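Sequence order for the protein chains is D and R.
For what it's worth, UniProt numbering labels the leading residue of the first sequence as 1, then goes sequentially.
For what it's worth, UniProt numbering labels the leading residue of the second sequence as 1, then goes sequentially.
Virtual Cβ for every residue (Gly too), placed ideally from N, Cα, C.
Keep in mind it's a predicted model, so treat the numbers as computed, not measured.
Number of protein chains: 2
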Amino acid sequence: MKQVTLKQIAETLNLSVSTVSKALKDYPDVSKKTKRLVKETVELLNYKPNAFAVNLRTKESKTIGLIIPEVVHHFFSSVIKGIIAKAEKKGYLVIILQSNESYELEKKQLDLLSSKRVDGILISLANGTADFKHLNDLILHELPLVMFDKIAKIVNCSKVIINDRKAAYTATKYLIDSGCKRIAHFRGPLLPQNSIDRFLGYKNALIEHGISYDPSLVYILKDMSYDEGVHFAGQLLKDHNDVDGIFINTDLVAIGAITEFNRIGVKVPEDISIVGFSNWFMSSVISPTLTTIDQPGYEMGKEAFKLLYKEIKRRKENLPIKFKTVELETKLIKRASTRN
Amino acid sequence: MKQVTLKQIAETLNLSVSTVSKALKDYPDVSKKTKRLVKETVELLNYKPNAFAVNLRTKESKTIGLIIPEVVHHFFSSVIKGIIAKAEKKGYLVIILQSNESYELEKKQLDLLSSKRVDGILISLANGTADFKHLNDLILHELPLVMFDKIAKIVNCSKVIINDRKAAYTATKYLIDSGCKRIAHFRGPLLPQNSIDRFLGYKNALIEHGISYDPSLVYILKDMSYDEGVHFAGQLLKDHNDVDGIFINTDLVAIGAITEFNRIGVKVPEDISIVGFSNWFMSSVISPTLTTIDQPGYEMGKEAFKLLYKEIKRRKENLPIKFKTVELETKLIKRASTRN
DNA sequence: CGATTTAACGAAAACGTTTTCGATTCATAC
DNA sequence: GTATGAATCGAAAACGTTTTCGTTAAATCG
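Spelled out as structure tokens, the structure:
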């Protein structure tokens, strides 16, 4: 039941531990004959190298960390899947931690991962994160770090993002083109770059199309939940009876809003058109189906790992690192929550 | 930039490595004064124990593995969240791998995890898994293993499940009570215990309520996807024009069916009542909202980790292990896809 | 005061690899 | 015959902890 070690193989073959080790790694200074012999007994005894010892010796664990704000979330699930898929191909395992949108937790998780000595970290920031010392510290300690989706522009590392501003512009423009004149915006919290960029895209689209920007039409949400969608849909109707379109920061919120509008008899899209963001699966299933921006989570995960992998490799070979920002394409998915 | 080691602390304080180590772990044979001194310099130099060395020495990694069939999945996401939450509290990290419902992949992932020497493994089986040698091998090697949701009764280990049979019985009975006479069933593949039990619950409910069981009303699905829901909804109408209720193995499929019925003008629940299974978030949002069985994913994750943790602990202390099966409560969520 | 206990520390082995550097043998070259 | 080189192998250090077992000095006891 005990685990087989190199030493045992060496003893059965009357060899030294070093030769056995070298035989397994195809060193040139061990004869073909003993290589064959070693490999045979390895099979026979079902030897598996002790990962702990290998880690200690090679100073790497072939494991990376992933920190996301929330696991039960269509977009992040897709990202996770992409990361795991790509990582596995390269022989890496991934440890997943959740920040719960809390800066404090995020810091703690980062600490945990670096003390576990993962080879690199992938992170999507919590909404509350405004201070970036914890991230810069990691970079200073030369631990490869790649940010995705919810990033901080100011932190100097590789990133993979979408063009939130452009996508929001497209979404808003689509509302305008379909005839909307008074367009509201449900935005995310003040901090994350995402929320800011999507808001700016919305604002620009209005201005560039001769619609005056009215700050009272912009609602700042906190946790971007379904319930908030319900709540602010009601609130909006109370505040403004002339709104005919909403660009909403996230599908989940949009779905809350649609449900509320359905409930109280406001017709979507006849009375109010709605565009969401992210293209959650749910959006193609709600009635009316939701026009939205497709955000490629799976690809984002794959791309993020690819960047991290490159950095890990170059770091190992002591080559200079050049940080890169990859921007992924989004596209407008036209459905039934908007007029055409 | 280099990592601080015990040796460096020892040298700065003119102590030996052993005393420093013991000071940090509050051994009784080191004076309060030096303990204080050591802890101060540890703070000062920002010493973090080298996890690789600790692992090698203690023969444990404080890491567990998790294998699930699919990451982008409401139920499994919830399980993941529960596991991570509970594991973190006990100082464990979790590595997530995906089997993609493939037996071969499942075997490979299990191998990966055990060669990484995780302290324990949590697994929900792939649909294709009929042979359990890979699982029994792990148990033989005394690697703690807990199965959840999609389990194999025959494998001797701890498990956490729901009573699929009872839940399916409840669901079907509810259809009967609401007046349905011809009730179809969309079931999962032949293998997983889940599918079998839910099918048996369905069948029993019919028989016990004087409705003859008609095998032609049972449709065997393969991948339990939205598209299959759409497809079999259409197929069912072609095959039987007298069906007035369906008990569907999974919400995602049920939602596909509802969408299809909506599209072709079959009224739910007036023409056909539908009950799903799992209570995905989506189910409360589709129109009509879906009556379903709530399956507590988050709790299942927490419970599964708790069992695993106990086993890891007892194994470490060389105490006898008694395998346990925890059964979690489900409940019927009555919504608009059924008559009342 | 000698014997024994107690307190505080250090030496060293061990965990299982990887890799450098010699050491040995044997063939080849001059 | 000596010198050079290739071909094989092994010894040993190193990675950074943890823990056992001594060792020393001071304190306690009869």
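Buried versus exposed, by CB contacts within 10 Å (16 or more), residue i
i	result
residue 341 of chain R	The requested residue 341 of chain R does not occur in the structure, where chain R is confined to residues 1 to 340.
K153 of chain R	exposed
K33 of chain D	exposed
Q3 of chain R	exposed
D177 of chain D	exposed
L44 of chain R	exposed
R198 of chain R	buried
S114 of chain R	buried
K238 of chain D	exposed
A10 of chain D	buried
E260 of chain D	buried
Endpoints, beta strand (DSSP E) assigned at residue i
i	result
H185 of chain R	183-187
G276 of chain D	Segment: none, G276 of chain D is in no beta strand (DSSP E) and carries neither H nor E.
V218 of chain R	218-220
V94 of chain D	93-98
Opposing strand residues paired with residue i [DSSP bridges]
i	result
M147 of chain R	R:I123, R:K159
K331 of chain D	D:D294
I207 of chain D	Answer is none; I207 of chain D lacks a bridge partner.
F247 of chain R	R:H185, R:V275
T325 of chain D	D:K159
Chain R contact for residue i (CB, 9 Å cutoff)
i	result
M300 of chain D	no
I183 of chain D	no
R117 of chain D	yes
Q8 of chain D	no
T19 of chain D	no
K81 of chain D	yes
Y226 of chain D	yes
A304 of chain D	no
K39 of chain D	no
I255 of chain D	yes
Residue i at chain D interface by Cβ criterion, 9 Å
i	result
L135 of chain R	no
V94 of chain R	yes
N340 of chain R	no
L44 of chain R	no
V218 of chain R	no
H231 of chain R	no
F281 of chain R	yes
V243 of chain R	no
K316 of chain R	no
I84 of chain R	yes
T292 of chain R	no
V71 of chain R	yes
Limits of the alpha helix (DSSP H) - the one that residue i falls within
i	result
Y103 of chain D	103-115
G65 of chain R	Not the alpha helix (DSSP H): G65 of chain R falls in the beta strand (DSSP E), residues 63-68.
D227 of chain D	226-239
N55 of chain R	51-58
N136 of chain D	133-140
R36 of chain D	32-45
Q3 of chain R	No alpha helix (DSSP H) contains Q3 of chain R, which DSSP labels as neither H nor E.
Inter-residue spacing [alpha-carbon to alpha-carbon] between residue i and residue j
i	j	result
N318 of chain D	E142 of chain D	11 Å
P189 of chain D	N194 of chain R	42 Å
I84 of chain R	Y213 of chain D	44 Å
G245 of chain D	I274 of chain D	6 Å
I64 of chain R	I312 of chain R	10 Å
R182 of chain D	I286 of chain D	24 Å
K116 of chain D	K59 of chain R	15 Å
residue 342 of chain D	K306 of chain D	Within the shown structure, residues of chain D are numbered from 1 to 340, placing residue 342 of chain D beyond reach of any answer.
D271 of chain D	K166 of chain D	26 Å
D26 of chain R	A168 of chain D	57 Å
A126 of chain D	T292 of chain D	23 Å
V71 of chain R	V72 of chain D	10 Å
P296 of chain R	N163 of chain R	12 Å
S284 of chain D	T338 of chain D	13 Å
V79 of chain D	S278 of chain D	12 Å
D251 of chain R	V268 of chain D	25 Å
V146 of chain R	N156 of chain D	42 Å
P112 of chain D	N50 of chain R	In the sequence as presented, Pro is not what sits at residue 112 of chain D; that position holds Leu. If I take the Cα positions, the gap works out to 12 Å.
E303 of chain R	A23 of chain R	36 Å
E104 of chain D	D227 of chain D	25 Å
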